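First comes the structure, then the notes that go with it.
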Amino acid sequence: MSDAPSHVAIIMDGNSRWAKKNKLTKKEGHRAGVKAAKNIIEYAAKKHLDHLTLFAFSTENWGRSKFEVNSIMDLFVEALREETPELIKNSVKVNFIGDVSKLNKIIIKKIIETKGLTSNYQPKLNLNIAISYGGKWDIVNAVKKIHEEILERKIKINQLDEKLFSLYLDTSKIPDPDLIIRTGNEKRLSNFLIWQAAYSELVFSKKLWPDFNNDDLRRALNQFKERKRNFGKRK
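Residue numbers for the sequence shown follow the numbering used here, beginning at 322 and rising by one.
Spelled out as structure tokens, the structure:
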């Protein structure tokens, strides 16, 4: 039996399919997804999780239509603007991981503002939002930073091991996820935290993300507690 997870990460999949199922636009589906995320964040804070990471937008999502990408980004800014006061009220600290440089100036400004406003207290929950994030990008980006530091003689190649490598990932200040949940009845990681997920427990939900609720998260947490985690060792 395992203790309660310290870090839960969620691949929020199914907004567009939910919209199609309910004869709504994709933007309305994504808006419903934002509402579901809000409820899960509040529940995670009440359950005293240390870290919650939400996969909001992947590096691959840039390949979607310009209209859909712009709609998602508009909703992202709107959600940060509307929900930041509530996050502060609930002592939630917000961090962002991903290639933020690809975002427009308005979004980058809002990200910086939200990070600043939610960093002035002892957090009850650390909320990590993955935007323009991909596991492969994260690894390649880490390799580039390590290469630069080797050239500058800040580190030596024989110092490099898994622990040191992890310090160059975008998640360097975040513990690896104990539990990864994916909604939408798909059973893959889709380039999400692929280095960090080496020993994560996985739970897959058939529910589309806007339908995923607190009871579903509670059941996933209970599933985690029933898992036996040996990390490759014999006990």
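Here a beta-carbon is modelled for each residue, glycine too, at the ideal position from N, C-alpha and C. Please read all numbers here as calculations on a predicted model, not as lab measurements.
With a cutoff of 8 Å on beta-carbon distance, LYS457 and ASN512 are scored as near each other. A direct Cα-Cα distance of roughly 21 Å separates THR346 from SER379. Within the same chain, VAL415, ASN416, PHE417 come within 8 Å of LYS436 by CB-CB distance, once the 5 residues on both sides are set aside. DSSP, reduced to helix, strand and coil, places ILE476 outside both helices and strands of the structure shown, so it counts as coil. Across the structure, ILE501 and ASN382 are spaced so that their CA atoms are roughly 20 Å apart.
Here ARG402 is not near LYS359, since their CB atoms are 8 Å or more apart. In the displayed model, TYR364 falls within a helix according to three-state DSSP. Annotation for LEU523: the continuous beta strand (DSSP E) segment containing it runs 522-525. Around TYR442, the same chain offers SER412 as residues with beta carbons nearer than 7 Å, after the five sequence neighbours per side are excluded. For SER386, no alpha helix (DSSP H) run applies, since DSSP gives it neither H nor E.
Boundaries of the alpha helix (DSSP H) harbouring ALA340: 336-342, taken from the DSSP string.
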